[in-house]
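Residue numbers (my numbering), protein chains in the order written: chain A, 1 to 557; chain B, 558 to 666.
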């Protein structure tokens with residue numbers, strides 16, 4: 001894991017002192033709310049529906065057990081005993097008092113964490129594949145590059161007041177788990193014909209009210225040019241991005257208006273004009289940062305575990321867990337374990353302080369002290385020996401953390417929605433809860449197979465509904481919650497934006513409507529092995545539309 | 558036209574309602590129901606003065622409607638704000654008996 005050097009530590013500590021002074025001045029009345037708001041937002045502090053909300057960055061989703069225990073302690077000491085892991089690999093506390101926030105930030109700084117640039121029109125927390133550094137098919141670990149980008153973008157003087165927020169994601173395996181094409185810049189690690197490491201660069205992806213899949217501006221960017229090329233992109237955006245209308249201010253709109261060719265040319269011209277040497281990454285520095293993310297020393301182990309095989313044969317729930325929540329590790333005899341924060345009927349992404357402590361203990365005992373947060377609102381134990389799976393599973397199960405549903409229909413992404421969020425137009429969590437109760441984590445869910453349902457409680461799309469295989473968007477019509485369905489979205493390497501089925505559904509009918517969509521998929525799939533997305537892409541919208549609106553007359557809006 | 562003034566308390570962000578004495582209460586039931594334009598104007602001015610005095614943040618008017626013989630917030634957003642998360646009955650005002658008692662969770666609906 002990356003460890004702060006003296007610059008990082010001094011910088012974060014200085015920010016805590018500054019914020020403490022700003023909070024004191026706000027409470028004493030020296031600063032008005034208008035004056036204070038930009039300061040609190042720069043430190044991740046929002047005013048939400050019920051209270052303040054503090055958004056803490058988990059850079060590229062990587063945590064150690066000390067940090068996780070600190071998150072638990074903050075939940076207990078300053079909040080109401082829980083936290084919410086988000087689609088941005090952050091954690092949000094829903095109830096902190098303003099007067100306590102400087103102390104919370106000081107506690108975070110003590111474990112090398114912060115809330116800087118988790119809000120505001122700046123470069124936000126850089127995200128990465130949550131299986132980074134562990135997954136078998138990886139080309140290279142994306143986290144060293146994410147860390148380099150974090151250092152470059154932290155308080156970058158030129159990019160602190162951009163037209164709008166700016167999100168960067170890095171993926172290091174052929175399978176995109178980081179949804180890079182839904183980001184302002186998406187970086188896919190690859191090797192060129194000579195075996196040199198570099199990136200395919202996508203620009204202009206984004207969700208919100210105007211969703212776009214990112215477009216490829218560079219097929220191959222050598223790794224040494226990472227910062228200069230990103231600087232060129234940001235500079236073009238900063239100069240040409242719209243500041244007259246916040247809904248048209250993201251780089252995706254600039255790309256749309258300039259066209260791919262126009263934007264690519266502007267970026268390449270800027271790149272050519274930059275002082276290349278100043279930002280070129282020295283190989284020694286790349287290696288130094290990479291050293292922080294080296295694969296832990298994992299003793300050699302047999303590729304199969306007899307005790308796991310034995311238990312799978314007689315414990316169907318454990319077998320189900322192994323099938324959905326355990327992924328192949330790059331080291332034989334080890335596995336990546338997904339800790340589901342989607343218990344049936346629970347709030348997606350919520351974890352109690354006790355659960356956070358339990359995951360920290362497990363990481364320390366069984367996963368080389370490493371934990372990951374996924375943008376799908378789950379936690380990951382990235383380096384678990386196969387022989388330890390039985391013990392890890394039992395301890396997870398005792399804490400309600402062993403739901404065997406990773407990647408299945410009840411592994412639903414949901415934003416906080418109107419239960420917490422000041423911007424929301426409808427509730428998200430209750431819909432996720434009812435859907436999970438309908439589909440469960442058993443035989444039916446397994447028969448349905450890989451299926452990503454994503455729910456947003458307003459058009460800002462924090463729940464990524466546009467890239468859900470099934471997306472649900474909560475809106476308000478004439479005082480009532482109404483839910484629009486989209487189908488065929490995807491956030492992986494085959495990224496696509498879902499298409500709206502038609503008129504929306506009420507809170508009462510939305511779960512039946514989704515059931516109809518799933519049944520229509522099962523009726524239309526060519527074999528149990530054909531996934532929902534594959535079937536949708538083959539048969540299109542027509543059978544789903546017919547089932548939703550003609551056969552069942554399900555819509556009531 | 559019936560309504561109430563609400564805001565968030567500066568120090569901890571908790572939702573509060575303007576009461577009959579011109580102070581702020583965490584309890585929706587202690588909020589003063591305003592029924593005419595003049596009272597609304599006066600109350601909004603009180604709210605603004607309180608914000609100016611750094612007691613609360615962002616005071617604003619919410620519409621109320623009578624239901625079951627009591628006033629409740631008209632908009633779902635305001636009902637949830639006066640109650641707490643519908644998914645966690647152990648949190649927010651509902652856990653302290655301070656909420657308008659009409660909002661069902663969608664599971665109960």
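Where a beta carbon is used, it is the ideal one built from N, C-alpha and C, also for glycine.
Per DSSP, residue 416(A) has no beta bridge partner at all. The CB of residue 51(A) comes closer than 8 angstroms to the CB of 565, 569, 570, 571 and 572 in chain B, given here in chain order. Using a Cβ-Cβ cut-off of 8 angstroms, residue 99(A) is close to 568 and 569 of chain B, given in chain order. Distances from the CA of residue 418(A) to each of 657(B), 640(B), 655(B) and 616(B) were compared; the closest alpha carbon is that of 640(B). When the five nearest sequence neighbours on each side are left out, the beta carbons in the same chain lying within less than 7 angstroms of the beta carbon of residue 496(A) are those of 213, 488, 489 and 490, in order along the chain.
Counting C-beta pairs with one atom in each stretch, the region 372-382 of chain A and the region 345-360 of chain A have three or more that are closer than 8 angstroms, which means they touch.
In the three-state scheme derived from DSSP, where H, G and I count as helix and E and B as strand, residue 581(B) is classed as strand. Collapsing the DSSP output to three states places residue 365(A) in a helix. Counted as a single uninterrupted DSSP element, the stretch harbouring residue 42(A) is not any beta strand (DSSP E) but the alpha helix (DSSP H) occupying residues 33-42. Assignment of residue 29(A) by DSSP, reduced to helix, strand and coil, places it in the coil class.
Contact annotation, residue 348(A) with residue 407(A): C-beta distance approximately 14 angstroms; criterion of less than 8 angstroms not satisfied. Within the region 620-639 of chain B, the residues whose Cβ lies closer than 9 angstroms to some Cβ of chain A are 631, 632, 633, 634, 637 and 638, listed in chain order.
Approximately 5 angstroms separates the beta-carbon atoms of residue 150(A) and residue 126(A); this is inside 8 angstroms, confirming the contact. Per DSSP, the continuous alpha helix (DSSP H) segment holding residue 152(A) begins and ends at 143-153. Taking C-alpha positions only, residue 342(A) is separated from residue 166(A) by approximately 28 angstroms.
Setting aside the 5 residues that flank it on each side, residue 453(A) is surrounded in the same chain by 412, 468 and 470, each with a C-beta closer than 6 angstroms to its C-beta; the list follows chain order.
Secondary structure note for residue 351(A): its beta strand (DSSP E) is the uninterrupted segment 350-352. Check the Cα spacing between residue 123(A) and each of 277(A), 153(A) and 105(A): the tightest is with 153(A). Taking C-alpha positions only, residue 55(A) is separated from residue 572(B) by approximately 20 angstroms. Of the candidates 373(A), 437(A) and 409(A), the residue whose Cα lies closest to the Cα of residue 129(A) is 373(A). According to DSSP, residue 332(A) shares a beta bridge with no other residue. The beta carbons of residue 255(A) and residue 263(A) sit closer together than 9 angstroms.
Residue 615(B) counts as exposed, since fewer than 16 other C-beta atoms from the protein chains shown sit within 10 angstroms of its C-beta.
Here DSSP, grouped into helix, strand and coil, assigns residue 299(A) to coil.
Contact check for residue 657(B) against residue 634(B) fails: the beta carbons are separated by 9 angstroms or more. Per DSSP, residue 471(A) is one residue of the beta strand (DSSP E) stretching across 470-477.
CA-to-CA, the gap between residue 186(A) and residue 534(A) works out to about 24 angstroms. The beta-carbon of residue 48(A) is placed less than 9 angstroms from the nearest beta-carbon of chain B. Residue 108(A) is a Cβ neighbour of residue 74(A), given a cutoff of 9 angstroms.
Taking residue 636(B) as reference, the option from 566(B), 586(B), 570(B) and 568(B) with the minimal CA-CA separation is 586(B). With 16 or more other Cβ atoms from the protein chains shown falling within 10 Å of its own Cβ, residue 144(A) counts as buried. Exclusion of the five residues before and after residue 543(A) leaves 520 and 524 as the residues of its chain whose Cβ lies within less than 7 angstroms of its Cβ.
Taking a C-beta cut-off of 7 angstroms against chain B, none of the residues of the region 187-204 of chain A qualify. Taking the Cβ atoms as the reference, residue 575(B) lies roughly 6 angstroms from residue 588(B), within the contact range of under 8 angstroms. Look at residue 583(B): its C-beta is not under 9 angstroms from any C-beta on chain A. Three or more pairs of CB atoms, one per stretch, sit closer than 8 angstroms, so the region 191-209 of chain A contacts the region 237-256 of chain A.
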